[in-house]
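My numbering numbers the first residue of the first sequence as 74 and each following residue consecutively. Cβ atoms here follow ideal geometry from the backbone N, Cα and C, with glycine treated the same way.
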Amino acid sequence: MRTRFAPSPTGLLHIGGVRTALFCWLYARRHGGAFVLRVEDTDRERSTDEAVRVILEGMAWLGLNPDEGPFYQTRRYDRYREVIGDWLASGKAYHCYCSKEELDTMRAEQQARGDKPRYDGRCRHGKPKVEGVSPVVRFKNPGEGEVVVNDAVHGRVVFQNKELDDLIIQRSDGNPTYNFCVVVDDYDMAITHVIRGDDHLNNTPRQLNMLRAMVGEGGAVPVYAHLPMILGPDGAKLSKRHGAVSVLEYEREGFLPEALLNYLARLGWSHGDQEFFTLEEMVELFDIEDVNTSASAINPDKLAWLNQQHMLVADETRLADMLRVQLTAMGITPALEGPNLVAIVACQKERSKTLREMAMASRFFFEAPQVYEEKAAKKHLAPEGQAALLAVAAALELLADWSPLAIHEALNGLAAAQGVGLGKLAQPVRVAVSGGGVSPPIDATLAILGRSETLARLTRAATNA
RNA sequence: GUCCCUGUCGUCUAGAGGCCCAGGACCCCACCCUUUCAAGGUGGCGACACGGGUUCGAAUCCCGUCAGGGACGCCA
Numbered sequence: 074m075r076t077r078f079a080p081s082p083t084g085l086l087h088i089g090g091v092r093t094a095l096f097c098w099l100y101a102r103r104h105g106g107a108f109v110l111r112v113e114d115t116d117r118e119r120s121t122d123e124a125v126r127v128i129l130e131g132m133a134w135l136g137l138n139p140d141e142g143p144f145y146q147t148r149r150y151d152r153y154r155e156v157i158g159d160w161l162a163s164g165k166a167y168h169c170y171c172s173k174e175e176l177d178t179m180r181a182e183q184q185a186r187g188d189k190p191r192y193d194g195r196c197r198h199g200k201p202k203v204e205g206v207s208p209v210v211r212f213k214n215p216g217e218g219e220v221v222v223n224d225a226v227h228g229r230v231v232f233q234n235k236e237l238d239d240l241i242i243q244r245s246d247g248n249p250t251y252n253f254c255v256v257v258d259d260y261d262m263a264i265t266h267v268i269r270g271d272d273h274l275n276n277t278p279r280q281l282n283m284l285r286a287m288v289g290e291g292g293a294v295p296v297y298a299h300l301p302m303i304l305g306p307d308g309a310k311l312s313k314r315h316g317a318v319s320v321l322e323y324e325r326e327g328f329l330p331e332a333l334l335n336y337l338a339r340l341g342w343s344h345g346d347q348e349f350f351t352l353e354e355m356v357e358l359f360d361i362e363d364v365n366t367s368a369s370a371i372n373p374d375k376l377a378w379l380n381q382q383h384m385l386v387a388d389e390t391r392l393a394d395m396l397r398v399q400l401t402a403m404g405i406t407p408a409l410e411g412p413n414l415v416a417i418v419a420c421q422k423e424r425s426k427t428l429r430e431m432a433m434a435s436r437f438f439f440e441a442p443q444v445y446e447e448k449a450a451k452k453h454l455a456p457e458g459q460a461a462l463l464a465v466a467a468a469l470e471l472l473a474d475w476s477p478l479a480i481h482e483a484l485n486g487l488a489a490a491q492g493v494g495l496g497k498l499a500q501p502v503r504v505a506v507s508g509g510g511v512s513p514p515i516d517a518t519l520a521i522l523g524r525s526e527t528l529a530r531l532t533r534a535a536t537n538a
């Protein structure tokens, strides 16, 4: 059992590609097979090193590690030439001397007639060779009969050979083309399951015809599984304008790889009513038979929700490391003797959707507020609030044990003594310490901040009118 | 234009003829909990594209219509 993920490095690896890679990977893991990574870079014009980097880095970040590869098609040209030579010699392929202009007019005429534009095979049927023109090579597609694709997700799909034409397998500059390379590679790499995007369903009959030319009658061909497309949040095809960003952008924004994977798995696949899956569960439960057939739009809110769900159960030390990265990106360098990152994670994870959000909400632990949020200050740092701050500072100064519990009891005691609710004390403190009206529970917040920093911020806010 | 694919709440989906006057999740709203914000809990809003069949019975099967997407390239 062998699957492959075969991206072309002509654009950034985005969610759609990642979902395909995930399903290939899951299927291989589930069945104890191999997952092969192959970079389809035969389009020299548009392939970039940057795109290759994103593919490799992105997959590594997600843990979608290939068992074999990456293989690069541009390094397999000798093999492609060999096959083309064989086919030319055995009459499975032929040279075509038609110029681009000639082909353009042919297509235009066909379209004007309402026909499907397709090469009419004139060079196959005795059109004389043109001197001084370097020819392309075309594959002789069967003219009759039908090609049946038994697709694992779409079921039986039938194409008529007369809808197809003799496709170019080698350009006039000698470079082989995509549909041909795919066939040679899938054959050479002994791929048993071709899992890829829906947009390739139409290519499959051509590839099947060429594959049969390779394996001969009765030879084994892979199982095909065409996944439904992923659309942007607005339902439009994924593109730069419609939600297509590099997968690495999700890392920068502070998403957990397992959350992204969980989200992507649920696009086009489901297991009853279950929404939350660990990686292990996905491997155990995933099956290509359960993949559905219709395209789906990405929903950023649901991704964010799932990310939080995964943060809630993730190892806090690991999250602390990720939080550190986010803080650093914001220009904050957490000191060893400063606020404890694990403690911050513990109280912030249930109030953050991403680690980036967590970092932004935690900035005040590292930097005293420069200004107080206007509305919050007006409400809580009025003379009455400032008096409360002084009282709290006095109580905390004497505290023997600087722990959340001790702080909690001290504040409760003070509130009881003053005959007010805890909120009357907590809110002014929150504003004094964080600069705004929102923070984790005040006891945990102060415990993390430390006594001297807490007292400094309290007195500053109390005296700063 | 031709061929192919697809069509259940706004979105992701469950549903393989009766369990469905359609279930879950995100979003939104309300309430509970509560020191803020959250998290959590409870409840609410909300869909079988349309029209014909088949059947005692259809979201599920068949046909048509409409709508969306894809392919038709010396791109992948």
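Determine the DSSP secondary structure at R244, reduced to helix, strand or coil. In the three-state scheme derived from DSSP, where H, G and I count as helix and E and B as strand, R244 is classed as coil.
Taking 9 Å as the threshold (C-beta atoms), are V356 and A225 in contact? no
Option nearest W160 by Cα separation, candidates A434, R211 and S120: Taking W160 as reference, the option from A434, R211 and S120 with the minimal CA-CA separation is R211.
Local conformation of A387 per DSSP, three classes: coil
Hey, V231 and E217 are a contact pair by Cβ (cut 8 Å); roughly how many whole angstroms apart? That belief does not hold up - the Cβ atoms of V231 and E217 are roughly 14 Å apart, past 8 Å.
Give me the Cα-Cα distance between T390 and C254, rounded to the nearest whole angstrom. 46 Å
Name the DSSP bridge partner or partners of Y167? R211
Could you give the residue range of the alpha helix (DSSP H) that holds T277? T277 to V288
Output the distance between the C-alpha atoms of N252 and F108, rounded to the nearest integer angstrom. 21 Å
Thinking C-beta only, is Q382 closer than 9 Å to A332? yes
Return the first residue and the last residue of the beta strand (DSSP E) that N223 is part of. Here the beta strand (DSSP E) through N223 covers E219 to D224.
Inter-residue Cα distance where the pair is A449 and W134: 41 Å
Looking at C-alpha atoms only, which residue of A293, L284 and G510 is the closest neighbour of K451? G510
Starting from the Cα of I241, find the closest Cα among N335, R191 and G205 and give me that residue. R191
Give me the Cα-Cα distance between A155 and A166, rounded to the nearest whole angstrom. Note on residue identity: the sequence assigns Glu, not Ala, to residue 155. Computed Cα separation, rounded: 13 Å.
Alpha carbon to alpha carbon, how far is V257 from R92? 24 Å
Quick one: what's got a C-beta closer than 8 Å to K235's C-beta in the same chain, skipping five residues either side? G216 and E217
I'd like to confirm the pairing. Which residues does DSSP put opposite W342 in its beta bridges? V364
If we count the other Cβ atoms within 10 Å of its Cβ and call it buried at 16 or more, is G164 buried or exposed? exposed
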